Amino acid sequence: MSGVSVWSIGVRFYILRAQGLKTLYLCTLIGVRGKDLSSAQ
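Here you go:
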């Protein structure tokens with residue numbers, strides 16, 4: 080039983096980390112695009 084709970088916690092942590100990295104990547108992409116747009120104007 081403990082092995083299953085540890086595995087589920089690991090999977091949840093991995094999913095959260097993946098979502099966090101994706102959000103960070105999107106924010107960086109939007110920030111870079113915003114800088115490009117502001118510098119172009």
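Those letters in the sequence shown? Residues 80 to 120, by the working numbering.
By construction, the Cβ of each residue, glycine as well, lies at the ideal position given by its N, Cα and C atoms.
Just so you know, these numbers come straight off a predicted model, no measurement behind them.
Measuring straight from C-alpha to C-alpha, what distance separates residue i and residue j?
i	j	result
residue 87	residue 94	10 Å
residue 92	residue 116	36 Å
residue 110	residue 83	40 Å
residue 103	residue 89	21 Å
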